[in-house]
Structure formats: C-alpha cells, structure tokens
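K.L.:
Note that the UniProt record's numbering numbers the sequence shown so that position 391 is 391, with each residue one more than the last.
C-beta atoms are modelled at their ideal positions from N, C-alpha and C, and glycine is treated no differently.
Dropping the structure in here first, questions after.
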Amino acid sequence: TKTEKFISSYLLGSLRWFIQNKTILTFLLNSPIREKDKIVEVLLCCAIYEITRMRTPDYAVVASTVEAVKIAKKDHLKALANATLRNFIRSQEEFITKASHSLEGRYSFPLWFIEQTKQDYPNNWQAILDASNQIPQLWLCINTSKISLADYQQRLLLQTGQRGVLLYNFPNVIGVQQNTNPIELPGFSDNLFHVQTPGAQLAAEILQPEKNDFILDACAAPGGKGLHLLNKEQSINLTAIEISKKRFQILEENFSRTKLKAKLICSDLLTPEKWWNKKKFTKILLDVPCTSSGVVNRDQDIKYLRRASDIDMYHQKQLSLLRAAWNLLEDNGVLLYCTCSIFSEENTKTIKQFLTLNKNASTLAIKNIAALKKWGVIKAEKGVQLIPGKGLNDGFFYSLLHKAKKS
C-alpha cells in the first residue's frame, strides 16, 4: 500500500541520513538535548529528513513532529521542536552548507568508516561513500536452466509493467524497482529466480560448478550463492552449513521453496567433528562474516552497529574459518574466499596472511574480470574487488585459492 511504502521510505531514509541530519541539528540548537530526552533529537533528525528529501509539506512535518513529541510525553520540548524546525525551514541551505564542512555531515557516515575508506581508496573514497548512500536496486538471479533471461523479462513486463534492467556480461541478472515485493513477481514459487545482487552472483561464475562436484557452501545463509550453484549445475552434491539458528531457518525456507536438493546443516564450521563425515570437498565456497562495509546501501544499520575495532576482530575470525575450511578441502581442490567488505584488512591482508601460513595454498587467476570493469569489478592483490560507485553500488571481494597435491 501507499502508506506502507511511505513508512518504509521514511524509516530507511531517516536511517540513511541520520548522521548528516544530526550534524545539521547541532547548528540549530544552542545546547545539546539531554540524554533522557534523546527521543526528541531522533524525531527532529527524522523531521529534517522528511523536509529535505520527501514531498511532505513543511507545515505538516512541523505539526506531526510536535504531536510526536507530545505522544513521547516530552511536552516541555514541544516549543523547542516547533522553533527548531521553523528555523531550519527558513534557512535550509545555510544549515546544510554548515554541516557539509565536516566529513560526517557531508557523507552521513561515522568518522572511523570515512577514514578507513580514505586509507584503502585514496583516489575514489568520496564516490564510494556517495554510492553507499544510494537507494539500492532490487536484483534477481534468474534460473536460466528453467527460463531464458529474455523470456523472464517478457513475463515481468506483462505481469508487472516493469521492463527490468539487464547488465551486459552478467548472464543471470535482472533488476526491478527497489520497493517491489519479490513474492508478487512471476515465478517466485516455481524457482524461476531468487533475490541476489550481481556482486553476489559472481561467486558461482568464479567457482564454476562442474558435473558431480562435491561442494561445501560454508556460512551459507540466506542461501543465494548455493541456489545459484545448483541452478548452474544440478548434478553437484552440495552441503550447506550455517551456525546461526535464525539464519538457518531462512536457508531452509529458501531451499524448500525452490525444491533444490542440498544437505543443510546447522552447525559450526570450526567444529567439523560434530557434523563432517570425513569426505573431503572438491570445491568450497567460504563466504565469511565481515564488516559488510561494501553493502551499507542495503543495510544502513552497519553505520551504527560497527566499530573500527571490528575490522581486526573479523580479520581474526576470517583466518580461523579459512584454516578450518582448508582442512576439509581435497588436494588439488579450490576454495573461493568471499566477503562483502571493501576494507583491505578483511580481504587482501587476510589472504596474504593465510598464504604465508599455508605453503600448500596459492591464488588462481580469476578469468574474464576485464569484461566487468565498467561495473566496478577490478583486479586486487590476491583477488578481485567490486567497488561501490560503478553502477552496481555493491562491494565484494573474491580470492580463488588452490590446494597443492602432497608431494
């Protein structure tokens, strides 16, 4: 409904621009709002978002915000809320300009995130941050073993009126409007597609499943990469492991809906004695936990939940998971390491450290990357990096590792 779409846009937008709007608010207030009244600060930041980026009339925003302050039982701050918003409406450009002189106010990111991005990408950090604030497209991975991309595009047009966005050199990708409910799209219950970004779809393209491969999808939920592997080659024997019970339920639901067969295990990769039958895998997809710094546009919570110290914490966890997965890989097998991070410590540094500690490991060249350069897929040390800001607005890292035979 229109109301649901408005609420979704209002909440996600307020979250996306909260840091910027909080910076603006500091110039509007003579003194900070007290800790016990922080709800009013949040309401004012949301109001600034609605005034600057939504179509609600200014007078309606002021009235509804003052009413919200009253509902929050902060009547003593109603006059402050009213005066603050009216002041902002009178001199919007002035306050926005003042706020933009600070990095947090300009990019609406915490300072540590901005500094880390500057350090890793000195030539294009601004474009990366701007792209990470864009409203994301909803991308589908079309099961081309059941329907061609052209035929699905035709069905999409007939049933929804949407033409869909195709990406050159991405064989399974079609983009639809961001606020589309996937359940209402043609073929949802018939496994004609699953929701998956182009960056994530690169996993199956790089790993290239072959007939009767014995593959482990580690850290598997929500299951998009595993589904894509099976759609590319249904003869593979796929084991998918996920430690989180909540995320495992989503994994089960996705495999149940698509009716694709895999061995699904809710357990910890670090304790294989609890679930592994000692048969080594020919290929492993290791999609490790990370800061998710490459997909902030899809999950604005990352700005508020992550800390600078998390980078090293994830780096250590990634090394542990790499070591555990490596022991499950057969000689001459390949492991695809994957993150949705743009930070080098979780990507290149993790792989370099792992290679130093494991002499039977080496990186393999990932082919056809030049064809994807226009979408922000570039060669990185020890792998490839997808950078937000080149059309896809997602950040992923892939490194393909080969395990040498014992001499």
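(1) Which of the three DSSP states is assigned to Lys359 in this structure?
(2) What's the gap between the Cα of Leu192 and the Cα of Leu386?
(3) Kindly indicate which three-state DSSP category Thr180 falls into: helix, strand or coil?
(4) Have a look at Ala63, Ser108, Ala370 and flag the residue whose alpha-carbon is nearest the alpha-carbon of Gln134.
(5) Buried or exposed: Leu357, going by 16 or more other Cβ atoms within 10 Å of its Cβ?
(6) Output yes or no for whether 7 Å exceeds the beta carbon distance between Thr291 and Asp312.
(7) How big is the Cα-Cα spacing for Lys382 and Thr348?
(8) Since Leu28 contacts Phe95 with CB under 8 Å, what's their CB separation in whole angstroms?
(9) Give the C-beta separation of Leu12 and Gln300 to the nearest angstrom, bearing in mind that I take them to be a contact with Cβ-Cβ under 8 Å.
(10) On the three-state DSSP scale, how would you describe Ile366?
(11) Using the Cα positions of Asn297 and Glu242, report the straight-line distance between them to the nearest angstrom.
(12) Using the beta-carbon count (16 or more within 10 Å), is Asn179 buried or exposed?
(13) With burial defined as no fewer than 16 other Cβ atoms inside 10 Å of the residue's Cβ, what is the status of Asp75: buried or exposed?
(14) Is the beta carbon of Cys338 less than 7 Å from the beta carbon of Asp268?
(15) Out of Asn169, Asp190, His402, state which residue places its alpha-carbon closest to the alpha-carbon of Leu202.
(16) Which word fits Leu157, buried or exposed, when buried means at least 16 other C-beta atoms lie within 10 angstroms of its C-beta?
(17) For Gly175, write down the residues that DSSP places opposite it in a beta bridge.
(18) With 16 other CB atoms within 10 Å as the buried threshold, where does Pro136 fall?
(19) For the alpha helix (DSSP H) containing Ser399, list its first residue and its last residue.
(20) Report yes or no: do the stretch 245 to 253 and the stretch 222 to 234 share at least 3 C-beta pairs separated by less than 8 Å?
P.N.:
In short:
(1) Counted from its first residue, the sequence shown places residue 359 at position 359. Three-state DSSP puts Lys359 in coil, outside helix and strand.
(2) Position 192 of the sequence shown holds residue 192. Position 386 of the sequence shown holds residue 386. Cα to Cα, the separation comes out at about 26 Å.
(3) Counting from 1 along the sequence shown, the entry for residue 180 is found at position 180. Thr180 falls in the coil class under three-state DSSP.
(4) For this step, residue 134 is matched to residue 134 along the sequence shown. Considering only alpha carbons, the answer is Ser108.
(5) If you number the sequence shown from 1, residue 357 lands on position 357. With fewer than 16 Cβ atoms within 10 Å of its Cβ, Leu357 is classed as exposed.
(6) To locate residue 291, count along the sequence shown from 1; it is residue 291. To locate residue 312, count along the sequence shown from 1; it is residue 312. In terms of Cβ geometry, Thr291 and Asp312 do not form a close pair [threshold 7 Å].
(7) Mapped onto the sequence shown, residue 382 falls at position 382. Mapped onto the sequence shown, residue 348 falls at position 348. Cα to Cα, the separation comes out at about 6 Å.
(8) As a position in the sequence shown, residue 28 is number 28, starting the count at 1. As a position in the sequence shown, residue 95 is number 95, starting the count at 1. Yes, they are in contact, since the Cβ atoms of Leu28 and Phe95 sit about 6 Å apart, within 8 Å.
(9) In the sequence shown, the residue the question calls residue 12 occupies position 12. In the sequence shown, the residue the question calls residue 300 occupies position 300. Here Leu12 really is in contact with Gln300; their C-beta atoms are around 7 Å apart, less than 8 Å.
(10) On the sequence shown, residue 366 is found 366 positions in, with the first residue counted as 1. Ile366 falls in the coil class under three-state DSSP.
(11) For the purposes of this step, residue 297 is identified with residue 297 of the sequence shown, where counting begins at 1. For the purposes of this step, residue 242 is identified with residue 242 of the sequence shown, where counting begins at 1. Near 25 Å, if we compare the C-alpha coordinates of Glu242 and Asn297.
(12) On the sequence shown, residue 179 is found 179 positions in, with the first residue counted as 1. Exposed, because fewer than 16 other Cβ atoms sit within 10 Å of the Cβ of Asn179.
(13) Here residue 75 refers to the residue found at position 75 of the sequence shown. Under this definition Asp75 is an exposed residue.
(14) If you number the sequence shown from 1, residue 338 lands on position 338. If you number the sequence shown from 1, residue 268 lands on position 268. No; because the gap between Cβ atoms is not below 7 Å, this pair is not in contact.
(15) Here residue 202 refers to the residue found at position 202 when the sequence shown is read from its first residue. When only C-alpha atoms are compared, the closest one is Asn169.
(16) The residue given as residue 157 occupies position 157 in the sequence shown. The residue in question, Leu157, is exposed, as its Cβ has fewer than 16 Cβ neighbours within 10 Å.
(17) For the purposes of this step, residue 175 is taken as residue 175 along the sequence shown, with counting starting at 1. Gly175 is bridged to Trp139, Val165.
(18) Mapped onto the sequence shown, residue 136 falls at position 136. Buried, by the Cβ-count rule.
(19) The residue labelled residue 399 in the question sits at position 399 within the sequence shown. Ser399 -> not in any alpha helix (DSSP H); beta strand (DSSP E) instead, spanning 396 to 403.
(20) Counting Cβ pairs under 8 Å, three or more are found: they touch.
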